[in-house]
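Residue numbering for the sequence shown follows numbering that gives the first Met the number 0, starting at 0 and increasing by one per position. Backbone N, C-alpha and C define an ideal beta-carbon position, used for all residues, glycine too. Here's the structure we're looking at; comments come further down.
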Amino acid sequence: MTTETIDHATLEHLAGAGAIRGASVVGQPGGWGVVFQYGTTERALAVKRGQVRIFKKFDTLAIYLKQIGIDTFKTDTKQFDPTVTHIRRADTSQRMRKAHEAAAHDAWFRTQVEHGLQEAQDPNTPWVSNASVKAMSAKRRAAWSKKARVAVA
Numbered sequence: 000m001t002t003e004t005i006d007h008a009t010l011e012h013l014a015g016a017g018a019i020r021g022a023s024v025v026g027q028p029g030g031w032g033v034v035f036q037y038g039t040t041e042r043a044l045a046v047k048r049g050q051v052r053i054f055k056k057f058d059t060l061a062i063y064l065k066q067i068g069i070d071t072f073k074t075d076t077k078q079f080d081p082t083v084t085h086i087r088r089a090d091t092s093q094r095m096r097k098a099h100e101a102a103a104h105d106a107w108f109r110t111q112v113e114h115g116l117q118e119a120q121d122p123n124t125p126w127v128s129n130a131s132v133k134a135m136s137a138k139r140r141a142a143w144s145k146k147a148r149v150a151v152a
């Protein structure tokens with residue numbers, strides 16, 4: 000099946016304009032993909048993330064094609080394998096890892112915020128005035144500037 004894809008919105012516009020020359024339903028392990036021919040190009044229907052969309056049921060695919068105005072299509076069953084019952088997405092492990100990382104970061108962040116709020120409400124917390132912070136920062140900048148001038152000379 001072709002690797003270039005077309006999304007549903009673009010397909011609807013092309014079908015509405017009568018630009019679709021044909022459709023080929025291609026059997027895949029565990030389902031059915033569809034490739035559309037228009038102009039001199041052919042592209043597979045994609046899901047939102049750009050991966051080829053696989054329909055588990057042929058009936059669902061036929062209804063989808065009928066709804067966008069395609070009544071006639073070719074069928075290729077060479078690659079179809081009805082024994083495959085679950086289609087694994089290639090990015091599942093990456094998505095799960097990112098979800099776990101996000102949850103861990105969220106827990107860490109919430110802990111940091113809670114700690115900061117407790118510290119701010121503690122009457123024993125030492126507070127530093129804005130003027131003293133500015134003075135300390137000015138001293139540091141002067142020291143860094145002096146160090147940079149010495150390094151250049």
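May I have the straight-line CA-CA distance separating residue i from residue j, to the nearest angstrom?
i      : j      : result
His12  : Leu64  : 14 Å
Asp70  : Val33  : 13 Å
Glu100 : Glu113 : 20 Å
Lys73  : Val46  : 21 Å
Ala137 : Gln117 : 30 Å
Lys97  : Trp107 : 15 Å
Thr110 : Gln120 : 15 Å
His7   : Trp126 : 59 Å
Ser92  : Asp58  : 30 Å
Ala135 : Ala142 : It should be noted that the sequence gives Met, not Ala, for residue 135. Distance between the alpha carbons of Met135 and Ala142 is about 11 Å.
Pro122 : Ser128 : 16 Å
Lys56  : Gly38  : 28 Å
Ala130 : Thr124 : 18 Å
Thr145 : His104 : Note on residue identity: the sequence assigns Lys, not Thr, to residue 145. Taking the straight line from one Cα to the other gives about 40 Å.
Arg139 : Val151 : 18 Å
Val132 : Arg148 : 24 Å
Pro81  : Leu10  : 28 Å
Gly115 : Thr40  : 59 Å
Met95  : Ala102 : 10 Å
Taking a contact to mean a Cβ-Cβ separation below 8 Å, would you say residue i touches residue j in this structure?
i     : j     : result
Val51 : Ala61 : no
Gly49 : Ala14 : no
Ile5  : Trp31 : no
Pro28 : Gln78 : yes
Asp75 : Gly26 : yes
Quick one: residues in its chain with C-beta nearer than 6 Å to the C-beta of residue i, no 5 flanking neighbours on either side, listed in chain order?
i     : result
Gln36 : Arg20, Gly21
Glu3  : Arg42
Hey, is residue i's beta-carbon within less than 8 Å of any beta-carbon in chain B?
i      : result
Lys133 : No chain B appears in this structure, which consists of one protein chain only.
Residues in its own chain within less than 7 Å of residue i by CB, not counting five upstream and five downstream?
i     : result
Val83 : Pro28, Gly29
At 3 residues or longer, and completely inside the stretch 10–39: list those beta strand (DSSP E) runs for me, N to C.
-> 19–27, 30–37
- [ ] Starting from the N-terminal side, write out each stretch of the alpha helix (DSSP H) that is 4 residues or longer and does not extend beyond the stretch 68–137.
- [x] 91–120
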